[in-house]
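As structure tokens, the structure follows; a few thoughts come after it.
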Amino acid sequence: MNEDAPDNGTRPEPKKIDPEILDAILGKPASVQMTECVDAAEDTTQSVDDREIALDNLEMLIENIDNAANLQPLALWPRLVKLLDDPEPSVRTGVLWVMGTAVQHNPKAQKSFGSNSCLKAVLEVLREDTVGEVRAKALYCVSSYVRANVAGLTEFISQGGLLVLLQAIESAATVLGQKTFFLLRALIDEALDEETPQELRPGSTLVDAIVELGFVPATAKAIQPMVASGESGAVVEQAVMFLAALAGTAKGKGAVSGSAELKELAPKIKQTFADFDIAGLDALL
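The sequence shown begins at 99 in the working numbering and counts up one residue at a time.
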């Protein structure tokens with residue numbers, strides 16, 4: 099047979115590769131994996147552990163900034179919001195972890211988070227959930243959304259977010275209280291940081307609102323038992339750092355220096371934190 103003879107003009111049809119085999123070789127596209135993760139998280143016939151794993155996998159996927167931005171075209175934000183009502187605390191925690199990671203330093207994801215009314219749902223969890231770990235993760239999500247994001251912070255304030263934080267301060271002796279003080283201090287630092295572009299800095303209205311809503315007396319009341327006992331743990335330290343940062347602002351200085359509650363605590367705070375490197379501590383005391 100002459101192998102060099104011309105063919106008859108027909109070619110055999112290429113064999114179609116089984117999609118499952120192709121996925122095994124190349125891996126599924128991230129968009130498919132993300133959708134499947136949410137499918138699994140929603141599937142209440144699966145074990146809670148499997149649903150948690152699905153959310154863990156989703157969180158790893160959306161650490162990629164482009165994948166996080168794709169939550170919007172994949173229509174996954176509304177489904178995640180709905181999962182915040184799940185009866186399993188670990189599922190709610192996992193969803194909040196995903197949301198917080200997605201919006202952190204990601205303007206596209208932040209914009210879609212806002213347009214899908216996600217903040218309202220997360221604030222409700224932060225305010226109403228009965229599980230401390232879930233509330234703490236909701237605060238992480240809020241923090242990721244509002245820091246270095248003036249539009250997000252404006253939305254947060256307009257939706258009564260500062261009042262929710264004021265309520266969280268009542269849980270001062272917990273991780274939630276510690277994280278609340280940290281967030282407040284971070285926002286004040288952003289407002290005062292002249293190296294940060296103006297469009298990324300909170301305006302003076304933030305400090306004004308913090309003062310007017312009574313954060314100073316609320317903080318003093320919350321930490322009083324711990325300060326009285328000489329405690330210098332993370333919660334008290336973060337509270338003192340928040341108050342010191344606030345005292346570094348024009349309006350905050352008056353509120354801090356004029357607080358009768360803080361004047362009572364000042365000697366003990368000075369004694370406890372004398373060796374700590376806390377900026378603005380002198381202004382506080």
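From the three backbone atoms N, C-alpha and C, an ideal C-beta is built for every residue, glycine too.
For LYS209, the closest alpha carbon among the candidates SER188, LEU285, GLY275, SER242 is that of SER242.
According to the DSSP assignment, GLU292 belongs to no alpha helix (DSSP H), since it is labelled neither H nor E. Between the beta-carbon of LEU181 and that of GLU140 there is about 7 Å, and that keeps the pair under the 8 Å contact cut.
Using a 10 angstroms sphere on the CB of ASP227, the tally of other CB atoms reaches 16 or more, which defines it as buried. C-alpha of LYS206 to C-alpha of LEU290: approximately 26 Å in a straight line. The beta-carbon distance between ALA318 and LEU263, rounded to whole angstroms, is 16 Å. This is too long to meet the 8 Å contact definition. Nearest Cα to GLU329 within the set LYS368, PHE340, PHE211: LYS368.
Cβ neighbours of LEU285 within its own chain (closer than 8 Å, five residues either side excluded): VAL244, ARG245, LEU251, PRO300, LEU304.
When LEU224, GLY198, VAL333 are compared, the shortest CA-CA separation from GLY212 is found for GLY198. Pairing ILE308 with LEU260 gives a Cβ-Cβ distance under 8 Å. In this chain, the alpha helix (DSSP H) harbouring GLY230 covers 230-244. Burial state of VAL232 is buried, judged by a 10 Å Cβ sphere holding 16 or more other Cβ atoms. When DSSP states are grouped into helix, strand and coil, LYS126 belongs to the coil group. Under the three-state reduction of DSSP output, ILE160 falls in the coil class, being neither helix nor strand. Distances from the CA of VAL333 to each of GLN276, ASN162, LEU221 were compared; the closest alpha carbon is that of GLN276. Looking at the backbone, the Cα of GLU335 and that of LEU156 are separated by about 34 Å. Here the C-alpha atom of LEU217 lies approximately 37 Å from the C-alpha atom of SER327. At a Cβ-Cβ threshold of 8 Å, ALA320 and LEU274 do not count as neighbours. Membership of GLN208 in the alpha helix (DSSP H) is indicated by the continuous run 205-213. LEU172 sits away from ILE160, with the two beta carbons spaced by 8 Å or more. By the CB criterion at 8 Å, LEU282 and PHE371 fall outside the cutoff. Each residue's CA atom was taken as its position, placing ALA348 and PHE313 some 16 Å apart. A residue is called buried when at least 16 other Cβ atoms come within 10 angstroms of its Cβ; GLU288 meets this threshold and is buried. DSSP places SER256 within a helical segment (H, G or I) once states are collapsed to three. Linking GLU222 to VAL338 through their CA atoms gives a straight-line distance of about 27 Å. With a cutoff of 8 Å on beta-carbon distance, CYS239 and LEU194 are scored as near each other. By the CB criterion at 8 Å, ILE267 and ALA316 fall inside the cutoff.
In this chain, the alpha helix (DSSP H) harbouring LEU217 covers 216-226.
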